[in-house]
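Residue numbers (my numbering), protein chains in the order written: chain A, 1 to 585; chain B, 1001 to 1585. The C-beta atom is built at its ideal place from N, Cα and C for all residues, glycine as well. Source: prediction; values computed, not measured. For reference, the structure is listed below as structure tokens.
There are 2 protein chains.
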Amino acid sequence: MPDSITDSAQPVTTGPIPGSCKVYVADDRHGGLRVPFREVPLTGGEPPVRLPDPSGPYTDPAAAINLEAGLDRLRAGWIAARGDVADDPAPFNAPLAPADIPAFPAPPRPLAGVAGTAPTQRAYARAGIVTPEMTYAAIRENLGRAETGDDAITPAYVRDEIAAGRALLPANINHPEAEPMVIGRNFLVKINANLGTSPLASSVGDEVDKMVWAIRWGSDTVMDLSTGRGIHPVREWVLRNAPVPVGTVPLYEALDRAGGDPADLTWEIFRDTLIDQCRQGVDYFTIHAGVRLAHVPLTVDRTTGIVSRGGSIMARWCLAHHAENFLYERFDEICAILRRYDAAVSLGDGLRPGSVADANDAAQFAELDTLGELTRHAWERDVQVMVEGPGHVPLDKVVANMRRQEKACDEAPFYTLGPLTTDVAPGYDHITGAVGAAVIGSHGCAMLCYVTPKEHLGLPDRDDVKQGVIAYRIAAHAADLAKGHPAARAHDDAMAKARFEFRWADQFNLALDPETARAYHDATLPHDAHKTAHFCSMCGPKYCAMAISHDVKDAAEKDAGMREMARRFREGGGALYPEAGAEAP
Amino acid sequence: MPDSITDSAQPVTTGPIPGSCKVYVADDRHGGLRVPFREVPLTGGEPPVRLPDPSGPYTDPAAAINLEAGLDRLRAGWIAARGDVADDPAPFNAPLAPADIPAFPAPPRPLAGVAGTAPTQRAYARAGIVTPEMTYAAIRENLGRAETGDDAITPAYVRDEIAAGRALLPANINHPEAEPMVIGRNFLVKINANLGTSPLASSVGDEVDKMVWAIRWGSDTVMDLSTGRGIHPVREWVLRNAPVPVGTVPLYEALDRAGGDPADLTWEIFRDTLIDQCRQGVDYFTIHAGVRLAHVPLTVDRTTGIVSRGGSIMARWCLAHHAENFLYERFDEICAILRRYDAAVSLGDGLRPGSVADANDAAQFAELDTLGELTRHAWERDVQVMVEGPGHVPLDKVVANMRRQEKACDEAPFYTLGPLTTDVAPGYDHITGAVGAAVIGSHGCAMLCYVTPKEHLGLPDRDDVKQGVIAYRIAAHAADLAKGHPAARAHDDAMAKARFEFRWADQFNLALDPETARAYHDATLPHDAHKTAHFCSMCGPKYCAMAISHDVKDAAEKDAGMREMARRFREGGGALYPEAGAEAP
């Protein structure tokens, strides 16, 4: 990483994950597409396994990475070809950045939709158009399999889900570097990693590094939640180098511009901040328009009050002015802005519960009903929508959150943080959260916002980011399996087969984190010969169930009667020796 | 730890968990009981919080720990007073231990039930007797609260659950060192940690150390799965120093005695091994009596065959002899042995699935039906029972396992391993498993066998044991909350209150792992002053939602109308300003 933006010794990590290759599936629609995957070549005559890959060019050894130039502008031609956008030459409203924070060298000129058009994927979908973005996203969902068979996800299906509001394809026209992906209940469950500087820690270089690191391990989007100094230039560096959709909470920067006191916020400050961020290319915005004045009293008797930063800021503003939330009052104007750039709205759950005690309470659900109103409102204006959800929720209340959101918000994609299923494990909230995330994902939640081990304790570092991403990849994949996503099972089956055949290297390479899997095996059996051994250090050679199981299988296969016995067992309704009657012990 | 049994530099860890005290609740029933808890004193005028504590005297600074003498024989007097046991003076059948493995200095003389009696907690419960063990376990379930109120767990209730077979209280008469605890769907969800030497790694000292370490972090039982050299003396050291029930898989030692080839196993070798282990004091035995000859063919077309060690050994034996499993054939004799010592049977799931692909298949459920038969059989002989379950199960099939086990086994306690909800994350299977464990626990599974990060890769070390225990404590507690166990919520509520009041030290001390929680906070805010600060490094002072939330609360409380507004909101069916009609944005 160039010195100009980093004070970290760690440059961004490039090159493929060990044991995997970057591959591209070529498609000749829309003038030609090249869609990236992580592919794991296998031994033993097994076909390679293709996995989702949000890591962008950083894992492609053939790609030249230059952070100061930013990534290739993949979508620029598609955007221009639609003929509905034009240069948007006004200056940015952002205040001057602090002198010690470098500016991105040559930021692109912003575009905006021309008057009277809606350059949004939702508008295209409703007009029946299949965009290159939709085709690209469909190929990703299929993991590059041919679109044959009843279970293939076609571009037309992606379009129809977006038109119905059940999915969104976050794709700001000013973020053409992003590789298109789709978020919705009928697609692979996605995960998001939160990054960003804090007033107390981190730097531009660290944040770009963490972004690259998070997508390397499988984060499908990132949110830049910077609240420190130089929010505008930090975001520019992140966007220009991010191959995934980037979300923000514009209220944080607006509060900074207002001087730090929520009471001093105004619609005008917020609006100018939002426009700046749209013009930089932010793909989705958390907007806390559902925290209405009348909801605030419902939080007074809570155990943990309001734990959303944005929610607490807007509640403070409402009380200070004894006025309705201006984000709610001005939601029409917000939609008009978002529509010009195809920035999606992620309706913030400012009143989400911050403890098991507050889960599913009146404040939370009052806000959710308002988010339903706002969802329909944004859809009418062709703005893409998702809806944010909690938070801290005990397991017996998780599914009710999903069902209620579906109903209140007409199946708009749900995007939840956590849900943490207990409050008692600080230091391990990636696990308390993965439990809730897997469950809500399996019931239809479209995107899971990760939680790191540092949640409730401090700003996550690089290793925390990885731990959070892996835990949430596990949750998302467990949910995909449970939902029966057509492409999910192949990965597990390849791993299971590699296990049963003692192909250790294949097991490591197929792992979500091959480096850790191999290191753990090396801890007791470091030699190359051990990587083909028919046992491991857990049981040793004599007690290895799978090794014995091979003997069982061999013996059974020699015995022509074994399969016949199995057939009779099944047909006999599970009785043992059905002819002879069940034997009592 | 004395040199004689250790080649490890790490002595066993003693002293309380930082920020917690060892306390005892005194009770005057049964001549006086002292029941241990972990208690967390709090600041801010809050009452202390009492937590379950299986760690025994090791966390009591007043206790003198002498591994060569073993723990105090807490239950010896209760056992003797019942008058149904006598010395069992026959020599052990075990072969001579290897010379380099030290013997426990003065092993106690074994006891056995006198002819015609059944000295089991199940027999006592069915006779209407409340034993000291049941009262002790009830006090633990209540976390020492007075037995008032409808939700108290009384000794009589513990007795009734044991009599119904819905619970067991593992308490071999030769393991009087164990502090009584109860396992069943209507009690706190328990967890087990697997330990034990492997032919390739570990030593006696390491295993005693890991046992103490596992219970320190909250493991309610341990299983000694040693398969290396000196299985008998290793187990003696573990039992004499274990304040929790200890389980084993006697087949492992039997196979060792048979010379290592499953085909050479005999009923006599198994029987002699089982009797030895009963006489040492093993509290529960995994017995793979459900792997019947007719089930074996059902595994031939599986993706991962048989992955249970015991299951593969018995399947191999069945095929080698083309004969029915002798554990099934001799189950009556097994029950007669177990009954003499009050050793419980944990019916092994030798055909559990080893991959998502094999979950809930014919082999698994055929065996489960057999386990149901065997459950009823053991109950009739007054042997306490639990039933083991999978394994690898995708989330959509987890609950079906619980429901089917309940039905097949008449609500005998279910004890599951995993369930791992995906196969693709070696290195993180404590997380893939915690997801499944929390879900099955919340649906009634009584005990969760932990999985460590090393699962599928190697023998767990000390840190792996801790990671596995904490992940499964999270799962068990999340399940307890979901089940509404009356004592579970107080812990979360105390944590939530400490969070909202910025009592950082209280938060650390209330954590499942206070050391890690504090270390993570120290990573960015190490100074003492930060431990009372109204923010952390995640958001910094200006963006702390909870700090702002206090302002909101203060403002709201000054405004006498706020609570009234909340009341009207709730009564208005959730409409905003019901008098004025809902405002459209």
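message: So if I threshold CB-CB distances at 8 Å, which residues from the segment 158 to 187 of chain A count as touching chain B?
response: none
Check whether M1565(B) and A323(A) have beta carbons under 8 Å apart: Taking the second sequence and counting its residues from 1, one reaches residue 1565(B) at position 565. Taking the first sequence and counting its residues from 1, one reaches residue 323(A) at position 323. For M1565(B) and A323(A), no; Cβs fall outside 8 Å.
- prompt: By a C-beta neighbour count over all protein chains shown, 10 Å radius and 16 as the cutoff for buried, is G1149(B) buried or exposed?
  reply: Sequence index remark: in the second sequence, residue 1149(B) carries index 149 (1-based). Flag for G1149(B) reads exposed.
field: Assigned exposure category for L974(B) - 16 Cβ within 10 Å defines buried
entry: Residue coverage of chain B in this structure runs from 1001 to 1585, which leaves residue 974(B) outside it and unanswerable.
- prompt: Taking DSSP as the reference, what is the three-state secondary structure of I588(A)?
  reply: Because residue 588(A) is not part of the residues shown, which for chain A are 1 to 585, the question remains open.
- prompt: Buried or exposed: which applies to D264(A), given that a residue is buried once 16 or more other Cβ atoms fall within 10 Å of its Cβ?
  reply: Taking the first residue of the first sequence as 1, we reach residue 264(A) at position 264. Exposed is the call here.
query: Can you list the beta strand (DSSP E) stretches of 3 or more residues lying completely in the segment 1233 to 1283 of chain B, in chain order?
result: 1246 to 1248
field: Cα-Cα separation between A1505(B) and G310(A), rounded to whole angstroms
entry: Start at 1 with the first residue of the second sequence, and residue 1505(B) comes out as number 505. Start at 1 with the first residue of the first sequence, and residue 310(A) comes out as number 310. Looking at the two C-alpha atoms, the distance is approximately 27 Å.
field: Segment limits, alpha helix (DSSP H) that includes Y472(A)
entry: Locating residue 472(A) in the first sequence gives position 472, counting from the first residue. R462 to K483 is the span of the alpha helix (DSSP H), which, as asked, contains Y472(A).
- request: Please state if the CB of V345(A) and the CB of V291(A) are separated by a distance shorter than 8 Å.
  value: Position 291 of the first sequence, counting from 1, holds the residue named residue 291(A). Position 345 of the first sequence, counting from 1, holds the residue named residue 345(A). No; because the gap between Cβ atoms is not below 8 Å, this pair is not in contact.
field: Inter-residue Cα distance where the pair is P541(A) and G1260(B)
entry: In the first sequence, residue 541(A) corresponds to position 541, counting from 1. In the second sequence, residue 1260(B) corresponds to position 260, counting from 1. Their backbone Cα atoms lie some 10 Å apart in a straight line.
Near-chain B residues of the segment 277 to 291 of chain A (beta-carbon distance less than 9 Å), N- to C-terminal order: A289
task: Using a Cβ-Cβ cut-off of less than 7 Å, give me the residues of the segment 379 to 413 of chain A that come near chain B, in sequence order.
output: P394, L395 and D396
- prompt: What residues in its chain sit with their C-beta under 6 Å from that of P250(A), if we drop five residues either side in the sequence?
  reply: On the first sequence, residue 250(A) is found 250 positions in, with the first residue counted as 1. T273, L274, Q277 and F285.
- request: Might you give, ordered along the chain, the residues of its own chain that have their beta carbon closer than 8 Å to the beta carbon of A1533(B), omitting 5 neighbours on each side?
  value: As a working mapping, residue 1533(B) is identified with position 533 in the second sequence. Excluding sequence neighbours, A1533(B) sits near F1502, W1504, L1525 and P1541.
- request: With 8 Å as the threshold, decide whether the Cβ of A987(B) is near any Cβ in chain A.
  value: Because residue 987(B) is not part of the residues shown, which for chain B are 1001 to 1585, the question remains open.
message: Quick check: the Cα distance between G1372(B) and T1266(B), rounded to an integer number of angstroms?
response: Working through the second sequence from its first residue, we reach residue 1372(B) at position 372. Working through the second sequence from its first residue, we reach residue 1266(B) at position 266. Whole-angstrom Cα-Cα distance: 25 Å.
Members of the segment 522 to 540 of chain A near chain B, C-beta cut-off 9 Å: D522, A523, T524, L525, F535, C536, S537, M538, C539 and G540
- request: Look at G196(A) and T221(A) and say whether their C-beta atoms are less than 8 Å apart.
  value: Position 196 of the first sequence, counting from 1, holds the residue named residue 196(A). Position 221 of the first sequence, counting from 1, holds the residue named residue 221(A). Not closer than 8 Å, so no.
For V1204(B), the three-state DSSP class (helix, strand or coil): Within the second sequence, numbered from 1, the residue matching residue 1204(B) stands at position 204. Note: V1204(B) maps to helix in three-state DSSP.
field: Contained alpha helix (DSSP H) runs [length at least 4] in the segment 1284 to 1322 of chain B, N- to C-terminal order
entry: 1309 to 1321
query: Where do the N-terminal and C-terminal ends of the beta strand (DSSP E) with D1150(B) fall, by residue?
result: Numbered from its first residue, the second sequence carries residue 1150(B) at position 150. Counting along the chain, D1150(B) falls outside any beta strand (DSSP E), and DSSP gives it neither H nor E.
query: Who are the near neighbours of D1072(B) in its chain, counting only those whose CB is closer than 8 Å to its CB and skipping five residues on each side?
result: Taking the first residue of the second sequence as position 1, residue 1072(B) is located at position 72. Answer for D1072(B): P1057 and E1177, listed in chain order.
- prompt: If you check the beta carbons only, do S1537(B) and A1482(B) fall under 8 Å apart?
  reply: Your numbering for residue 1537(B) matches position 537 in the second sequence. Your numbering for residue 1482(B) matches position 482 in the second sequence. Against a cut-off of 8 Å, the Cβ pair of A1482(B) and S1537(B) comes out as no contact.
message: For the pair the segment 117 to 129 of chain A and the segment 383 to 403 of chain A, tell me if three or more CB-CB distances fall below 8 Å.
response: yes
message: Please tell me whether P1262(B) has its Cβ less than 8 Å away from any Cβ of chain A.
response: Taking the first residue of the second sequence as 1, we reach residue 1262(B) at position 262. Yes, because at least one Cβ of chain A sits closer than 8 Å to the Cβ of P1262(B).
Three-way DSSP call (helix, strand, coil) for D1224(B) in this model: For the purposes of this step, residue 1224(B) is taken as the residue at position 224 of the second sequence. Strand at D1224(B).
Residues bridged to K1190(B) (per DSSP): On the second sequence, position 190 is the one that residue 1190(B) refers to. Answer by DSSP bridge pairing, in chain order: M1447(B).
- request: Return the Cβ separation of G1418(B) and V1451(B) in integer angstroms, given the expectation that the two are a contact with Cβ distance under 8 Å.
  value: Position 418 of the second sequence holds residue 1418(B). Position 451 of the second sequence holds residue 1451(B). Between V1451(B) and G1418(B) the Cβ distance is about 6 Å, and since that is below 8 Å, they are a contact.
- request: Measure the beta-carbon distance from L512(A) to G218(A) and round it to whole angstroms, keeping in mind my assumption that it falls under 8 Å.
  value: Taking the first residue of the first sequence as position 1, residue 512(A) is located at position 512. Taking the first residue of the first sequence as position 1, residue 218(A) is located at position 218. Right, their Cβ atoms sit about 7 Å apart.
Cβ neighbours of E1289(B) in the same chain (closer than 6 Å, five flanking residues each side left out): Translated into positions along the second sequence, residue 1289(B) becomes position 289. Correcting the residue identity first, residue 1289(B) is Ala in this sequence and not Glu. Closer than 6 Å at the Cβ level, and outside the excluded window around A1289(B), lie L1327, Y1328, F1331 and L1374.
task: Please work out which residues of its chain come closer than 6 Å, Cβ to Cβ, to S1055(B), disregarding the five sequence neighbours upstream and downstream, and give them in chain order.
output: Here residue 1055(B) refers to the residue found at position 55 when the second sequence is read from its first residue. So the list reads I1215 and R1216, once near-sequence residues are dropped.
task: Measure the Cβ-Cβ separation of F1187(B) and A1167(B) and say whether it is below 8 Å.
output: For this step, residue 1187(B) is matched to residue 187 along the second sequence. For this step, residue 1167(B) is matched to residue 167 along the second sequence. Contact flag set, yes.
- prompt: Could you give the residue range of the beta strand (DSSP E) that holds L1417(B)?
  reply: Counted from its first residue, the second sequence places residue 1417(B) at position 417. Segment F1414 to L1417, the beta strand (DSSP E) holding L1417(B).
Best match in V439(A), E571(A) and D528(A) for proximity to V189(A) [C-alpha to C-alpha]: The residue you call residue 189(A) lines up with position 189 of the first sequence. For V189(A), the nearest C-alpha among the options comes from V439(A).
task: Could you confirm whether any beta carbon from chain A is found closer than 8 Å to the beta carbon of A1545(B)?
output: Your numbering for residue 1545(B) matches position 545 in the second sequence. Chain A contact via Cβ: present.
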